[in-house]
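Trainee: Residue numbers (this note's numbering), protein chains in the order written: chain R, 1 to 77; chain W, 1 to 351.
Think of the CB as a built atom: it goes at the ideal place given N, C-alpha and C, for glycine as much as any other residue.
Since the structure is predicted, the reported quantities are computational estimates derived from the model, not experimental observations.
Input: one structure, supplied below.
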């Protein structure tokens with residue numbers, strides 16, 4: 001999916017936990033997330049902190065969409 | 001255990017290792033003496049020349065989320081059995097399991113210096129990740145093909161551990177690794193090339209000697225220059241759908257995607273949405289679907305002027321065992337719709 005969206009001309013960030021799969025699939029902008037069943041959250045955290053974590057990850061995703069890339073880039077910490 | 005038998009360790013996930021289902025996907029590696037589950041069939045396939053001395057079992061979620069650590073932990077357990085060979089899987093179409101099988105086999109080859117072999121469905125992401133480094137036998141997309149694959153897995157495993165030469169993928173049945181070997185041909189290259197060309201012209205079958213690699217990379221698009229004005233869409237393969245799954249998106253091998261309005265919604269809740277995705281523990285996504293489709297913080301970011309707006313619809317399918325062909329089709333259709341609606345950028349989340 002991510003590759004076809006890119007092919008159609010839309011910048012796209014793949015936010016996922018298993019980075020090797022994303023690299024194989026051919027995503028260009030990749031942001032690592034928390035865990036497979038809760039990529040953008042953490043049920044261990046109090047609600048407010050969880051939401052802050054989610055915002056931080058989404059902002060990282062947006063940042064990657066504002067960053068020129070040449071090929072596949074994993075946006076780590 | 002009889003003397004003189006090859007010592008085999010078998011790697012399984014929590015499901016085939018009979019630890020439990022998705023609720024046990026987070027169990028760290030553990031070892032059991034002897035064969036477990038599919039290991040019994042493998043044992044029969046290996047015959048008297050080899051013995052499954054131990055089985056190492058790890059949860060698929062644990063492995064996929066901690067690939068490096070889990071590989072080291074699994075190797076420590078494998079090493080204790082002092083094996084001559086490692087067999088992993090078969091993993092069929094389970095992506096996390098296939099990735100784990102590949103990683104474990106490669107580590108056994110590199111760290112322990114023993115041969116290793118696994119089996120999985122050709123579209124399993126583990127194939128593209130590890131085929132160059134490893135013998136991988138193809139399987140069907142479900143455990144229904146277990147009985148067909150185990151004898152082949154046993155046979156190839158025996159050849160490997162006995163140090164026999166492994167032939168061409170066409171003869172041995174494994175997924176091509178892209179290895180080239182020098183062989184003596186009975187005709188010079190020019191003549192062979194002309195023969196192939198003539199066969200092609202006549203519409204006869206022929207086999208190329210140099211298959212072209214299929215590179216399908218898409219160049220990244222230029223970045224968004226003005227995020228504060230941009231419309232950003234949310235897309236997921238994590239199966240988030242309105243409660244009740246109105247489009248009946250399948251829990252695995254999805255044949256469709258859904259387009260769902262978020263106009264007027266501040267976030268996705270357990271009351272309004274859920275996941276249709278099989279293959280991962282749905283508890284956390286059902287409790288708060290924002291953990292997969294982060295609408296709540298998108299609204300915050302709109303309010304704070306960081307993004308222009310969130311597109312009024314999100315798109316969702318289930319990425320569990322869904323074919324590459326279907327995924328590509330969904331992606332193309334979604335992209336077309338997004339472009340027609342003036343969307344500038346996409347956040348795609350996967351579980």
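(1) List, in chain order, every chain R residue whose beta-carbon is nearer than 8 Å to that of residue 99 of chain W.
(2) Have a look at residue 97 of chain W and residue 223 of chain W and give me their C-alpha separation to the nearest angstrom.
(3) In whole angstroms, what is the alpha-carbon distance linking residue 2 of chain W and residue 121 of chain W?
(4) Any contact of the stretch 319 to 336 of chain W with the stretch 232 to 251 of chain W, i.e. 3+ C-beta pairs under 8 Å?
(5) So, for residue 67 of chain W: in the same chain, excluding its five sequence neighbours on each side, which residues have a beta-carbon less than 7 Å away from its beta-carbon?
(6) How close, in whole Å, do the beta carbons of residue 241 of chain W and residue 310 of chain W come, if the pair is a contact with beta carbons under 8 Å?
(7) When you compare the stretch 36 to 48 of chain R with the stretch 1 to 20 of chain W, are there three or more beta-carbon pairs, one atom per stretch, that lie closer than 8 Å?
(8) Does the distance from the C-beta atom of residue 151 of chain W to that of residue 25 of chain W stay below 7 Å?
(9) If I follow the unbroken beta strand (DSSP E) through residue 64 of chain R, where does it start and stop?
(10) Counting pairs of Cβ atoms below 8 Å between the stretch 128 to 144 of chain W and the stretch 166 to 175 of chain W, do you hit three or more?
(11) Taking the alpha helix (DSSP H) that residue 156 of chain W falls in, what are its first and last residues?
(12) Classify residue 33 of chain R as helix, strand or coil using the three-state DSSP reduction.
(13) Just reading off the beta strand (DSSP E) that residue 300 of chain W is part of, what are its end residues?
(14) Report buried or exposed for residue 3 of chain R, applying the criterion of at least 16 other Cβ atoms within 10 angstroms of its Cβ.
(15) Determine which residues of the stretch 326 to 351 of chain W have a Cβ less than 9 Å from any Cβ of chain R, and write them out in chain order.
(16) Going by Cα to Cα distance, which pick from W:43, W:337, W:123, W:204 is closest to residue 154 of chain W?
(17) Can a CB atom of chain W be found closer than 7 Å to the CB of residue 30 of chain R?
(18) Under 7 Å between the Cβ atoms of residue 114 of chain W and residue 108 of chain W?
(19) Within 8 Å, do at least three Cβ pairs link the stretch 9 to 28 of chain R to the stretch 336 to 349 of chain W?
(20) Shortest alpha-carbon distance to residue 162 of chain W belongs to which of W:348, W:334, W:4, W:351?
(21) If the cut is a Cβ gap below 7 Å, which residues of chain W does residue 35 of chain R touch?
(22) Assuming residue 28 of chain R contacts residue 73 of chain R under a Cβ cut-off of 8 Å, what Cβ separation, rounded to an integer in Å, is found between them?
(23) Excluding the 5 residues flanking residue 19 of chain R on each side, which residues of the same chain have their C-beta closer than 8 Å to its C-beta?
(24) If you draw a straight line from the C-alpha of residue 27 of chain W to the C-alpha of residue 73 of chain W, how long is it?
Mentor: To lay it out plainly:
(1) What you label residue 99 of chain W is simply residue 99 of the second chain in a count that begins at 1. Simply 18, 20, 21.
(2) Sequence index remark: in the second chain, residue 97 of chain W carries index 97 (1-based). Sequence index remark: in the second chain, residue 223 of chain W carries index 223 (1-based). One Cα belongs to residue 97 of chain W, the other to residue 223 of chain W, and the distance between them is close to 35 Å.
(3) For this step, residue 2 of chain W is matched to residue 2 along the second chain. For this step, residue 121 of chain W is matched to residue 121 along the second chain. Here residue 2 of chain W scores only 46 on pLDDT, less than 50, and its place in the model is too uncertain to base an answer on.
(4) yes
(5) In the second chain, residue 67 of chain W corresponds to position 67, counting from 1. The residues are 103.
(6) As a first step, residue 241 of chain W is located in the second chain; it is residue number 241 there, counting from the start. As a first step, residue 310 of chain W is located in the second chain; it is residue number 310 there, counting from the start. Wrong, their Cβ atoms sit about 18 Å apart, outside the cutoff.
(7) no
(8) Residue mapping note: residue 151 of chain W aligns to position 151 of the second chain, counting from 1. Residue mapping note: residue 25 of chain W aligns to position 25 of the second chain, counting from 1. Cβ distance not < 7 Å, so residue 151 of chain W and residue 25 of chain W don't count as in contact.
(9) By 1-based counting over the first chain, the position of residue 64 of chain R is 64. Segment 47 to 65 is the alpha helix (DSSP H) holding residue 64 of chain R; no beta strand (DSSP E) there.
(10) yes
(11) Residue numbering aside, residue 156 of chain W sits at position 156 when the second chain is read from its first letter. Residue range 146 to 161 is occupied by the alpha helix (DSSP H) that includes residue 156 of chain W.
(12) Here residue 33 of chain R is taken as the residue at index 33 of the first chain, counted from 1. When DSSP states are grouped into helix, strand and coil, residue 33 of chain R belongs to the coil group.
(13) Looking up residue 300 of chain W in the second chain gives position 300. For residue 300 of chain W, no beta strand (DSSP E) encloses it; the enclosing alpha helix (DSSP H) starts and ends at 295 to 303.
(14) Against the first chain, residue 3 of chain R aligns to sequence position 3. That one is buried.
(15) 327, 328, 329, 330, 331, 332, 333, 334, 335, 336, 338, 339, 343, 344, 345, 346, 347, 348, 349, 350, 351
(16) Mapped onto the second chain, residue 154 of chain W falls at position 154. Comparing Cα-Cα distances from residue 154 of chain W to each of W:43, W:337, W:123, W:204, the minimum goes to W:43.
(17) One-based indexing of the first chain puts residue 30 of chain R at position 30. Chain W, which has no Cβ nearer than 7 Å to the Cβ of residue 30 of chain R, makes this no.
(18) For the purposes of this step, residue 114 of chain W is identified with residue 114 of the second chain, where counting begins at 1. For the purposes of this step, residue 108 of chain W is identified with residue 108 of the second chain, where counting begins at 1. Yes, they are a contact pair.
(19) Contact holds between the stretch 336 to 349 of chain W and the stretch 9 to 28 of chain R, because three or more Cβ pairs, one in each stretch, are under 8 Å apart.
(20) Here residue 162 of chain W refers to the residue found at position 162 when the second chain is read from its first residue. Nearest option by C-alpha distance: W:4.
(21) As a working mapping, residue 35 of chain R is identified with position 35 in the first chain. By Cβ distance, chain W contributes 65.
(22) Reading the first chain from its first residue, position 28 is the one you call residue 28 of chain R. Reading the first chain from its first residue, position 73 is the one you call residue 73 of chain R. Yes, residue 28 of chain R and residue 73 of chain R are in contact; Cβ-Cβ is about 7 Å, under 8 Å.
(23) Counting from 1 along the first chain, the entry for residue 19 of chain R is found at position 19. 30, 32, 74, listed in sequence order.
(24) Counted from its first residue, the second chain places residue 27 of chain W at position 27. Counted from its first residue, the second chain places residue 73 of chain W at position 73. Between residue 27 of chain W and residue 73 of chain W, the alpha-carbon positions lie close to 12 Å from each other.
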